[in-house]
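J.: In the UniProt record's numbering, the protein residues as written are 1 to 294.
Ideal placement from N, C-alpha and C gives every residue a C-beta, glycine not left out.
Quick caveat: nothing in here was measured; it's all calculated off a predicted structure.
Attaching a single structure in structure tokens format; questions to follow.
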Amino acid sequence: MSFSVGIVGVGNMGGAMAQRLCSLGWVPWVHDIDATKVQALVPFGSLAPVDSAQAASKSIATIVCVVDAAQTRDVLFGPQGLAPQLPAGHVVLLCPTIAPQDVEAIAAQLAERGIHTVDAPMSGGPARARDGSMSLMVAGEDAVVARVQPLLDALSGKVFHISQRVGDGARTKLVNNLLAGINLVGAAEVMALAGRLGLDLNRTLDVVEQSSGQSWIGSDRMRRAIAGDLAPRAHMTLLAKDTRLAQEAAAQAGFAGPLGDAASAVFAAAVAAGLEGLDDGALLAFLQRPKMAE
Numbered sequence: 001m002s003f004s005v006g007i008v009g010v011g012n013m014g015g016a017m018a019q020r021l022c023s024l025g026w027v028p029w030v031h032d033i034d035a036t037k038v039q040a041l042v043p044f045g046s047l048a049p050v051d052s053a054q055a056a057s058k059s060i061a062t063i064v065c066v067v068d069a070a071q072t073r074d075v076l077f078g079p080q081g082l083a084p085q086l087p088a089g090h091v092v093l094l095c096p097t098i099a100p101q102d103v104e105a106i107a108a109q110l111a112e113r114g115i116h117t118v119d120a121p122m123s124g125g126p127a128r129a130r131d132g133s134m135s136l137m138v139a140g141e142d143a144v145v146a147r148v149q150p151l152l153d154a155l156s157g158k159v160f161h162i163s164q165r166v167g168d169g170a171r172t173k174l175v176n177n178l179l180a181g182i183n184l185v186g187a188a189e190v191m192a193l194a195g196r197l198g199l200d201l202n203r204t205l206d207v208v209e210q211s212s213g214q215s216w217i218g219s220d221r222m223r224r225a226i227a228g229d230l231a232p233r234a235h236m237t238l239l240a241k242d243t244r245l246a247q248e249a250a251a252q253a254g255f256a257g258p259l260g261d262a263a264s265a266v267f268a269a270a271v272a273a274g275l276e277g278l279d280d281g282a283l284l285a286f287l288q289r290p291k292m293a294e
């Protein structure tokens, strides 16, 4: 079962989701401020409407897959925002990693127009979004989620319905991404240490991947980093943002752990050092720098 759906923001993850839907026979309309990204998806079967607001008004659901809360608000409520064009009963799926309170506020603003929200952050990277194996952390009213369940199932074989409280998807994603950040900083640190000890990095990673130190993000990022492939699949700025948001949520909950602040500080330092445009696997090179090793 397919129905009319749009995706706003077709970068790494949004573009991969569009390709996934097209491979299953869906015909999503797509929009991005970068027109080349939109046109790149047309050969896969996506539609590139001239008037995105009009296309959205004729759809059952719209996936918002931009970077942060500010972009999300602009897409929905800005000068060219979609919200005024959406009919009552339309479902907006919020996929960015943003603060829970921002999800709640956006959902409340949409609800004033009779528009439903599904809080649906994702995890796994573009390759897993493309093949349908990424994770979706879904929060929203059961009846609303049921309405878009065919879309959720098409996007992922790993859909977790967290709760009916919008914002719990965001909370779960921040917890997950904080652990991903901690794991990645740890992987980069030990690989930098392995190099300092004179070990072959590929062989060391072979051992780690089959031993107790293994983590998916460590293997994925360190393999690319060792090969010198720092083309951004996941920009350094994303985990810098996500770990910061996670620490803010922790502070609001009155929780302080030993590792979160440290990991977040490493990402912030890497961004400050000018690595914001690189893949987050560039943490290896960042931690290999002499001043970091002293």
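Give me, in chain order, the residues of the same chain whose beta-carbon lies closer than 7 Å to that of residue 163; leave out the 5 immediate sequence neighbours on both sides.
T.: To locate residue 163, count along the sequence shown from 1; it is residue 163. Around residue 163: 139.
J.: Taking residue 239 as part of the alpha helix (DSSP H), name the residues at either end of that continuous run.
T.: One-based indexing of the sequence shown puts residue 239 at position 239. First-last of the alpha helix (DSSP H) with residue 239: 236-252.
J.: Specify the secondary structure class of residue 218 as computed by DSSP and reduced to three states.
T.: Numbered from 1 along the sequence shown, position 218 holds the residue referred to as residue 218. Helix at residue 218.
J.: Round the Cβ separation of residue 174 and residue 245 to the nearest angstrom and send it over; I've been treating them as touching at under 8 Å.
T.: The residue labelled residue 174 in the question sits at position 174 within the sequence shown. The residue labelled residue 245 in the question sits at position 245 within the sequence shown. That belief holds up - the Cβ atoms of residue 174 and residue 245 are roughly 6 Å apart, short of 8 Å.
J.: Which same chain residues, not among the five before or five after residue 225, have their C-beta less than 6 Å away from its C-beta?
T.: Working through the sequence shown from its first residue, we reach residue 225 at position 225. Closer than 6 Å at the Cβ level, and outside the excluded window around residue 225, lie 281, 284.
J.: Using 8 Å as the threshold, is the C-beta distance between residue 296 and residue 26 below it?
T.: Residue 296 falls outside the range modelled here, since the chain spans only 1 to 294, and no answer is possible.
J.: Check each candidate in 197, 11, 5 and name the one with the smallest Cα separation from residue 37.
T.: Position 37 of the sequence shown, counted from the start, is the residue given in the question as residue 37. Residue 11 is the option with its Cα nearest to residue 37.
J.: Any idea which residues DSSP pairs residue 116 with across the strands?
T.: By one-based count along the sequence shown, residue 116 stands at place 116. Per DSSP, 91.
J.: If I follow the unbroken beta strand (DSSP E) through residue 173, where does it start and stop?
T.: In the sequence shown, counting from the first residue as 1, residue 173 sits at position 173. Note, residue 173: premise wrong, no beta strand (DSSP E); alpha helix (DSSP H) at 168-196.
J.: Output needed for residue 7: all residues of its chain with C-beta closer than 7 Å, excluding positions within five of it in sequence on either side, in chain order.
T.: Mapped onto the sequence shown, residue 7 falls at position 7. Same-chain partners within the cutoff: 14, 17, 18, 28, 30, 63, 65.
J.: Quick check on residue 58: buried or exposed, where buried means 16 or more other Cβ atoms within 10 Å of its Cβ?
T.: Counting from 1 along the sequence shown, the entry for residue 58 is found at position 58. Residue 58 is exposed by the Cβ-count criterion.
J.: If residue 117 sits next to residue 166, beta carbons under 8 Å apart, how far is it from one beta carbon to the other, in whole angstroms?
T.: In the sequence shown, residue 117 corresponds to position 117, counting from 1. In the sequence shown, residue 166 corresponds to position 166, counting from 1. Rounded, the Cβ-Cβ distance is 6 Å, consistent with contact.
J.: In this structure, what does DSSP give as the bridge partners for residue 136?
T.: Position 136 of the sequence shown, counted from the start, is the residue given in the question as residue 136. The partner list for residue 136 (beta bridge, DSSP) reads 122, 159.
J.: Between 205, 5, 155, which lies nearest to residue 49 when the distance is taken from Cα to Cα?
T.: Taking the sequence shown and counting its residues from 1, one reaches residue 49 at position 49. Closest by alpha carbon: 5.
J.: Output needed for residue 102: all residues of its chain with C-beta closer than 7 Å, excluding positions within five of it in sequence on either side, in chain order.
T.: Walking along the sequence shown from the start, residue 102 turns up at place 102. Cβ neighbours of residue 102 beyond the five flanking positions: 69.
J.: Does the Cβ of residue 24 have 16 or more other Cβ atoms within 10 Å, making it buried, or fewer, making it exposed?
T.: Here residue 24 corresponds to residue number 24 of the sequence shown, with the count starting at 1. Exposed.
J.: For the beta strand (DSSP E) that contains residue 106, what are its first and last residues?
T.: Locating residue 106 in the sequence shown gives position 106, counting from the first residue. First-last for residue 106: 100-111, but that is the alpha helix (DSSP H), not the beta strand (DSSP E).
J.: If you count every other CB in all the chains shown that lies within 10 Å of the CB of residue 210, and 16 or more means buried, which is it?
T.: By one-based count along the sequence shown, residue 210 stands at place 210. Classification of residue 210: exposed, given that the 10 Å Cβ count is below 16.
J.: Look up residue 7 in the DSSP assignment and give the residues it is bridged to.
T.: Within the sequence shown, residue 7 is the residue found at index 7, counting from 1. For residue 7, which the question treats as bridged, DSSP gives the partners 30, 63.
J.: My guess is that residue 88 and residue 114 are in contact by the Cβ rule of under 8 Å, so how many angstroms apart are they, rounded?
T.: Counting from 1 along the sequence shown, the entry for residue 88 is found at position 88. Counting from 1 along the sequence shown, the entry for residue 114 is found at position 114. With a Cβ gap of about 3 Å, residue 88 and residue 114 count as contacting.
J.: Over what stretch of residues does the alpha helix (DSSP H) that includes residue 37 continue unbroken?
T.: By 1-based counting over the sequence shown, the position of residue 37 is 37. Unbroken alpha helix (DSSP H) run through residue 37: 35-41.
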